[in-house]
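For the record, the sequence lines run as chains A and B. Numbering-wise, the first sequence is residues 4 to 249 according to this note's numbering. Numbering-wise, the second sequence is residues 4 to 249 according to this note's numbering. I have placed the structure first, in the form of structure tokens, so that the comments after it can refer back to it.
Protein chains: 2
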Amino acid sequence: MPEMIDPDHVLPRYYQLANILREHILDGKFEPHQPIPSERQLESLYSVSRTTIRQALDLLVRQGYLYREHGRGTFVSPQKLQKGISELTSFTEDMKQRGIAPGQKILEIGMIEPPDKVRQKLELPPECRQVLRIERLRLGDSIPMGVQTSFYNLPEGQTITREELEQFGSIYIILQEKFHLIPTEADETLEVTLATPREAALLQIEAGSPLLLSERTAYSQYRRVMEFVKILYRGDRYRYFAKLTR
Amino acid sequence: MPEMIDPDHVLPRYYQLANILREHILDGKFEPHQPIPSERQLESLYSVSRTTIRQALDLLVRQGYLYREHGRGTFVSPQKLQKGISELTSFTEDMKQRGIAPGQKILEIGMIEPPDKVRQKLELPPECRQVLRIERLRLGDSIPMGVQTSFYNLPEGQTITREELEQFGSIYIILQEKFHLIPTEADETLEVTLATPREAALLQIEAGSPLLLSERTAYSQYRRVMEFVKILYRGDRYRYFAKLTR
DNA sequence: TAATCAAACTGGTAATGACCACATGACAAT
DNA sequence: ATTGTCATGTGGTCATTACCAGTTTGATTA
């Protein structure tokens with residue numbers, strides 16, 4: 004059991020330990036459904052207290068890598084359960100996880116007078132008159148995957164330019180660097196709809212083809228709405244994944 | 004701050020405390036975005052250690068009722084974020100949560116030779132020759148919402164009859180009472196498809212109408228696959244909800 | 001041989017005490 | 001008026017110790 008814990012590391016010890024154990028699991032050093040060393044054994048193996056051990060194990064259990072059985076031990080989850088906990092990801096990250104090369108074409112970007120639905124979703128105060136709207140064609144391996152329209156309530160007078168977006172690629176990076184906004188949680192709904200002629204042309208499919216419509220409201224670290232996003236996915240090329248727990 | 008903690012209660016103290024605080028939040032005794040008492044204050048308010056306090060708060064943070072800010076305090080989440088973390092629910096529970104009266108019509112129930120896809124999804128051993136298949140029409144307020152086909156790998160020789168299913172209503176209750184199987188986790192995928200003539204007739208829509216196809220694999224408390232379910236939802240009547248976190 | 005039971009594991013809960021990192025506001029120095 | 005500093009309050013991490021509650025195992029008993 005190599006790799007020890009450095010008490011002076013920037014990362015807390017329970018976090019380091021979780022990383023080490025996760026690596027072992029992913030490397031297959033622990034078999035699925037087999038027990039890992041008991042908490043008391045780990046205590047002496049890594050010379051940290053049981054408090055710290057349990058903090059690390061808690062993390063890995065929440066992440067789906069381990070499961071516990073009272074009185075029996077802590078066991079490795081089978082592969083199926085290990086990945087893809089419902090995570091808040093951008094289109095870019097989503098594609099990368101699937102092994103598809105993400106791409107985009109910015110169709111339109113600019114400040115607009117928000118329609119009622121957007122006002123409501125962004126929980127805008129009455130005095131707010133302008134929001135940022137971005138419309139993009141999203142590509143996977145250079146093939147159109149969906150049309151994304153997103154709305155942001157930025158500080159008075161501020162905005163994001165097409166150049167900035169093209170340079171950074173991800174809007175989340177800009178929001179973080181420029182406005183210190185980090186998405187932490189989101190509500191998403193999915194439903195079925197049919198392509199309008201315009202959408203069909205953009206997605207290179209026939210008008211009236213079925214689409215998967217995702218609407219997402221994302222919240223910042225301050226628990227305020229930070230964005231509202233609508234994505235129309237091609238029904239024949241996109242599948243949504245979710246992981247559910249009790 | 005009424006309601007104290009009973010050290011001799013069957014529920015652990017951190018759990019009792021979480022219940023008390025959750026009630027306060029739901030009753031509106033704490034305002035959204037306002038801080039709750041600090042951990043040291045709660046310590047003396049409820050006469051339990053900070054360990055216990057933090058365990059209770061951890062629970063409520065994971066459940067979406069509270070959020071923490073280092074150096075500032077622990078705050079009440081706005082209503083929007085408090086409910087509906089992606090939970091593993093049956094069709095029946097799902098409908099109830101939406102305020103719709105669930106109903107069902109059993110189309111077919113019986114043991115069958117599993118097709119390859121089902122073998123794979125249920126992770127069946129080669130010697131297994133029979134699985135339980137149930138096909139049901141699902142109703143919401145007496146209107147067809149979807150067609151559900153589910154598969155179960157039951158112990159050799161065992162089965163579930165139409166009468167049992169009609170009597171209990173929920174298959175999960177039977178699985179729990181008769182076989183001690185409890186679902187704890189599931190993987191779900193969603194995609195778009197078009198109704199076949201048969202499906203269209205069952206759902207009282209036109210053939211070729213868009214449908215939302217959900218495929219779910221549920222795992223038992225022993226981390227074994229316990230069911231595989233396909234549901235075809237009417238595209239015009241069903242919307243899927245998810246809650247995402249970082 | 002089979003049933004019983006106690007010891008020795010496992011994870012679960014809890015108290016106590018300590019120190020760190022970050023945020024805030026009061027106050028002094030500029 | 002502005003800036004800097006520091007005390008104090010917040011949550012975050014960690015060690016230590018103790019006991020409780022399930023599970024497993026093996027010796028003991030009938």
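Note that CB positions come from ideal geometry on N, CA and C, so glycine has one too. Note that this is a predicted model, so its numbers are computed, not measured.
Three-way DSSP call (helix, strand, coil) for residue i in this model
i, result
"Leu178/A", "helix"
"Asp61/B", "helix"
"Lys32/A", "coil"
"Thr55/B", "helix"
"Ile115/B", "strand"
"Glu138/A", "strand"
"Val150/B", "strand"
"Asp97/A", "helix"
"Pro5/B", "Unreliable placement is indicated for Pro5/B, whose pLDDT of 47 sits below 50; no coordinate value is reported for it."
"Tyr70/A", "strand"
"Pro81/A", "coil"
"Ser50/B", "coil"
"Pro200/B", "helix"
"Gln107/B", "strand"
Same chain only: Cβ atoms within 7 Å of residue i, ignoring 5 sequence neighbours per side
i, result
"His27/B", "Phe33"
"Gln207/B", "Pro147"
"Arg132/A", "Glu116"
"His12/B", "Gln19"
"Gln107/A", "Arg139, Leu140, Arg141, Leu142"
"Leu110/A", "Glu138, Arg139, Leu140"
"Pro200/B", "Ala210"
"Gly238/A", "Ser212, Pro213, Leu214, Leu215"
"Ala21/A", "Ala59, Leu62, Leu63"
"Ala198/A", "Leu206, Ile208, Ala210, Gly211, Ser212, Leu214"
"Arg165/B", "Ile109, Ile112"
Nearest to residue i (by Cα), restricted to the options the options
i, options, result
"Pro118/B", "Leu142/B, Leu127/B, Gly74/B", "Leu127/B"
"Ile103/B", "Arg75/B, Arg240/B, Glu116/B, Leu215/B", "Arg240/B"
"Phe244/B", "Gln66/A, Ala189/A, Glu111/A, Gln179/A", "Ala189/A"
"Glu194/B", "Ala221/B, Ile234/B, Leu157/B", "Ile234/B"
"Pro15/B", "Val51/B, Gln37/B, Val232/B", "Val51/B"
"Thr192/A", "Asn156/A, Val232/A, Val228/A", "Val232/A"
"Arg25/B", "Asp9/B, Arg65/B, Thr152/B, Pro10/B", "Arg65/B"
"Asp97/B", "Ile8/B, Leu168/B, Arg242/B", "Arg242/B"
"Glu159/A", "Met114/A, Gly67/A, Gln151/A", "Met114/A"
"Tyr225/B", "Gln170/B, Phe182/B, Glu218/B", "Phe182/B"
"Val69/A", "Leu29/A, Ala221/A, Leu247/A, Lys124/A", "The sequence given here has Leu at residue 69/A, not Val. Closest by alpha carbon: Leu29/A."
Own chain, CB closer than 8 Å to residue i, minus 5 neighbours either side, in chain order
i, result
"Ser173/B", "Ser93, Thr95"
"Ala203/A", "Glu209, Ala210, Gly211, Ser212"
"Ser145/B", "Ala104, Gly106"
"Glu72/B", "Phe78"
6 Å CB neighbourhood of residue i in its chain, flanking five on each side removed
i, result
"Tyr17/A", "Thr55, Gln58, Ala59"
"Pro35/B", "Val79, Pro81"
"Arg53/A", "Glu42, Glu46"
"Leu178/A", "Leu184"
"Ile39/B", "Phe33, Thr77"
"Val134/B", "Pro117, Phe154, Asn156"
Within-7 Å CB hit, residue i to chain B
i, result
"Pro213/A", "yes"
"Phe154/A", "no"
"Tyr17/A", "no"
"Leu62/A", "no"
"Gly238/A", "yes"
Below-7 Å beta-carbon distance, residue i vs any chain A residue
i, result
"Lys124/B", "no"
"Lys120/B", "no"
"Glu230/B", "no"
"Glu218/B", "no"
"Val195/B", "yes"
Within chain A, partners of residue i - CB distance below 8 Å
i, result
"Arg226/B", "His36, Tyr70, Phe78, Ser80, Pro81, Leu84"
Under 9 Å by beta carbon: chain B residues contacting residue i
i, result
"Gly102/A", "Correct list: empty, because the minimum Cβ distance to chain B is about 16 Å."
"Thr192/A", "Arg242, Tyr243, Phe244, Ala245"
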